[in-house]
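As structure tokens, the structure follows; a few thoughts come after it.
Residue numbers (full-length UniProt numbering): 1 to 179.
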């Protein structure tokens, strides 16, 4: 069976050229920004919407492996050919699933991991790939410190009796500002 599943027509000069797109080029089309790397996606997540009763263990493979060498991931020829025929439908369902997965956390305006963990315990979410979590943790770790009020450890409040204008430090002893 040919390793293509969809054809596209493109005009070149005065004739129409038929182009057969390989499955690998469509992986980048289906994956939204942030999930572009097919190496981070388990094929079970991709196939579970259409093939719920897969007998093979696909946990050691990723989506890139499935599109590069489908015969390594799926040993049964009939099942492999059925998956290749249904790729557009599987990709549509996966796109919808990824949209829901990405959209749900953003709609709740999370600020801390504790708030997210509390919300996740009440509403089911799809698992986020570990590489994306690692990148988010690293970017949060390297984020610059928030700006501080000049010369004060705490911003002036009505209870301290200080004006809203900051006079700045008068003396610094051991890293502590004395006003």
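Ideal Cβ positions, reconstructed from N, Cα and C, are used throughout, including at glycine.
Could you check the C-alpha separation between residue 81 and residue 130 for me, to the nearest Å? 31 Å
Apart from the five residues on each side of it in sequence, which residues of its chain come closer than 6 Å, Cβ to Cβ, to residue 132? none
Could you tell me whether the region 79 to 97 touches the region 47 to 56, where touching means 3 or more Cβ pairs closer than 8 Å? Contact holds: three or more Cβ-Cβ distances are below 8 Å.
For residue 136, I'd like the list of residues in its chain whose CB is within less than 8 Å of its CB, leaving aside the five on either flank, ordered along the chain. none
Length of the line joining the Cα atoms of residue 64 and residue 138: 25 Å
Nonlocal neighbours in the same chain, by C-beta distance under 6 Å from residue 66, ignoring five residues either side: Around residue 66, the same chain offers 43 and 73 as residues with beta carbons nearer than 6 Å, after the five sequence neighbours per side are excluded.
Using only alpha-carbon positions, find the residue among 61, 71 and 46 that is nearest to residue 92. 46
The alpha helix (DSSP H) spanning residue 63 covers which residue range? Its alpha helix (DSSP H) spans residues 63 to 68.
According to the neighbour-count rule (16 or more other Cβ atoms, all chains shown, within 10 Å of its Cβ), is residue 75 buried or exposed? exposed
Would you mind reading off the limits of the alpha helix (DSSP H) that contains residue 43? 43 to 47
Within 8 Å, strictly: CB atoms of residue 62 and residue 40: yes
Along the chain, where does the alpha helix (DSSP H) containing residue 84 start, and where does it finish? 77 to 85
Beta-carbon of residue 85 versus every beta-carbon of chain D: anything under 8 Å? Among the chains of the structure shown, chain D does not appear; only one protein chain is present.
Rounded to a whole number of angstroms, what is the C-alpha to C-alpha distance between residue 90 and residue 96? 10 Å
Rounded to a whole number of angstroms, what is the C-alpha to C-alpha distance between residue 56 and residue 71? 12 Å
Pull up the distance between the alpha-carbon of residue 127 and that of residue 79, whole angstroms please. Annotation: residue 127 to residue 79 spans about 26 Å, alpha carbon to alpha carbon.
Give the secondary structure of residue 50 by DSSP, where H, G and I count as helix, E and B as strand, and everything else as coil. Residue 50 falls in the coil class under three-state DSSP.
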